[in-house]
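Residue numbers (mature numbering (1 follows the signal peptide of the UniProt record, and there is no 0)): -27 to -1, 1 to 552.
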């Protein structure tokens, strides 16, 4: 080989390098797609790689060839197999401009869809429901993404439902480009469904029998990821654990039964909490609480609280005993002392009782209770002392969206309680209370809230009804523009003594002005009264400011009592959710 022949390849490489250097622009690509619109155009743009630097004409030619393949793939993904594609790539003012002119041609149509399930999953309603949701339908344009997502959905559901031995006996997308049709066949053989075995817990100071009551399924229940996640959620919400991780051990399955391990960490046994607050109803208030989260290995707990404000002071304790379902069924032993003074109204009461609280899957909470109430009271010229044994029943439900500052929801509360001299009480009483709050939003800006409260007392001697059971109106959560418990029937001296009945309502509109801040307009109306023909509603209107703070909505309102000749004006301040 001569020296000249040995140099020739190197000279060629050097020439190419000089050519590339002489045409280098370090330019990105601007893409223009013509001839298709909507989903097709978006898919073409998604497939084209425009974030490149073309530093030579040779690189530009390679890029153009690659882009042609990408455009073809993008079109075929949506069923366009006979498209005509014209690409032009040229430098314009330091940039490369790619123009893609496309004639998509006819789209492949799905002729037939066959989705068949065999094995245990053939009778699983979850697969029947999934089939109704899958995007594959005969007569529609072919979309490879629909085929892949349908296959993936079947696979994921099989795993979620415990069909771990599943396989696709057939998964085929048959396309006849000339005839313009495609047939889809997906056959899933699920095999046998696995079951959930016994749940084992890490070592904790709670009885094994009690821990098993936290498990939402019995051994031998069909496996589902949802059941496993529900167990994890219940453990965290039980109040006993700081952390919980639930694992299933498929490799240790025996006879299609998978053991479950719950690794939990106990929370601190005792918790002390403090709180400071303010409202125009009560003024500044302070609270000190103590909770023993597990008194014994049966999951009993103790909660106590001391609170004080210029209006109300109290000490309360509750001993909670979990029943069948520890999260949703509890028996409580309650005891407390409360002292309340509002203007010429005073109440000092001792209470002791039992209550059973049950929460149902519908969201409704039923509370059955019986309490002994011993109350010394005065209201204007009325005063007395009553001892009452009061059974009661209440139903309530809260639904909301938006966390601690909800934008949609409702609250309903219905309760009845009573006492009878035949059972040792000082007076016969039947007391009914109904409450409803409704919250809706239009977009983010507009929010509407309606509230209604109704109540009534049937008794043979109203003078012996303690003030804590009588009805009053006025205040932050009642008729704004009037002070707390300042509305109701009065005695000869003009002091409010409380009424047999209550009817109040409110309508509020708020508008988002910036971030978590809202401006509000409202109107409240109602009163407490002694007879159906004695209702004399007071009306308060005003405006306010709302702030969605990290601890809950802060409400500042200025309200005018427009039903009075002197039109009192009052500032209202409160913190907390709307229901």
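Every residue gets a Cβ at the ideal spot worked out from N, C-alpha and C, and that includes glycine.
With a 10 Å radius around the Cβ and a threshold of 16 neighbouring Cβ atoms, residue 484 comes out exposed.
Taking the Cα of residue 335 as reference, the smallest distance to any Cα among 329, 369, 361 is reached at 369. With contacts defined as CB atoms closer than 8 Å, residue 279 and residue 261 qualify as a contacting pair. When secondary structure is reduced to three states using DSSP, residue 452 falls in the coil class, being assigned neither helix nor strand. Contact between residue 69 and residue 60 does not hold, since the beta-carbon distance rounds to 12 Å and is not under 8 Å. Per DSSP, reduced to three states, the secondary structure at residue 543 is strand. Contact check for residue 487 against residue 469 fails: the beta carbons are separated by 8 Å or more. Here DSSP, grouped into helix, strand and coil, assigns residue 422 to strand. Between the C-alpha atoms of residue 434 and residue 428 there is a straight-line separation of about 17 Å. Excluding its 5 nearest sequence neighbours in each direction, residue 529 has C-beta neighbours in its own chain below 6 Å: 517, 518, 546, listed in chain order. Between residue 293 and residue 273, the gap from beta carbon to beta carbon is short of 8 Å. Closest in C-alpha terms to residue 363, from the list 355, 390, 224, comes 390.
When only Cα atoms are considered, residue 45 and residue 81 end up about 14 Å apart.
Residue nearest to residue 223 within the set 177, 135, 157 is 135 (criterion: CA-CA distance).
Within the DSSP bridge table, the entry for residue 490 names 487, 520 as partners.
A straight line joining the alpha-carbon of residue 410 with that of residue 451 spans about 12 Å. Excluding its 5 nearest sequence neighbours in each direction, residue 97 has no C-beta neighbour in its own chain below 6 Å. For residue 148, the closest C-alpha among the options 49, 496, 195, 501 is that of 49.
The stretch 407 to 421 and the stretch 233 to 253 do not touch, with fewer than 3 CB-CB distances between them shorter than 8 Å.
Closest option to residue 201, judged by alpha-carbon separation, among 212, 275, 220, 193: 220. The continuous beta strand (DSSP E) containing residue 171 extends over residues 168 to 174. Beta-bridge pairing by DSSP links residue 221 to 233. Non-local beta-carbon contacts of residue 297 in its own chain, meaning distances under 8 Å to residues more than five positions away in sequence, involve 186 in chain order.
Contact check for residue 6 and residue 75: beta-carbon distance about 7 Å, within the 8 Å limit, so the pair qualifies. For residue 408, the enclosing beta strand (DSSP E) stretches over residues 402 to 415.
Within a 10 Å sphere around the beta-carbon of residue 24 sit fewer than 16 other beta-carbons, which makes this residue exposed. Sixteen is the threshold: since fewer than 16 other Cβ atoms of the shown chains lie within 10 Å of the Cβ of residue 132, the residue is exposed. A residue is called buried when at least 16 other Cβ atoms come within 10 angstroms of its Cβ; residue 233 meets this threshold and is buried. Within the same chain, Cβ atoms closer than 8 Å to the Cβ of residue 95 are found at 163, the five residues on either side in sequence being excluded. 378 is the residue among 378, 511, 195 whose C-alpha sits nearest the C-alpha of residue 523. Residue environment: residue 402 is assigned as buried (16 or more neighbouring CB atoms within 10 Å of its CB, all protein chains considered). In the three-state reduction of the DSSP assignment, residue 436 falls in the helix class, which pools H, G and I. With a beta-carbon spacing of about 12 Å, residue 307 and residue 287 fall beyond the 8 Å limit used to define contacts. When secondary structure is reduced to three states using DSSP, residue 473 falls in the coil class, being assigned neither helix nor strand.
Proximity of the stretch 172 to 186 to the stretch 111 to 121 falls short of the contact definition, fewer than three beta-carbon pairs being nearer than 8 Å. Beta bridge pairing from DSSP links residue 86 with 157.
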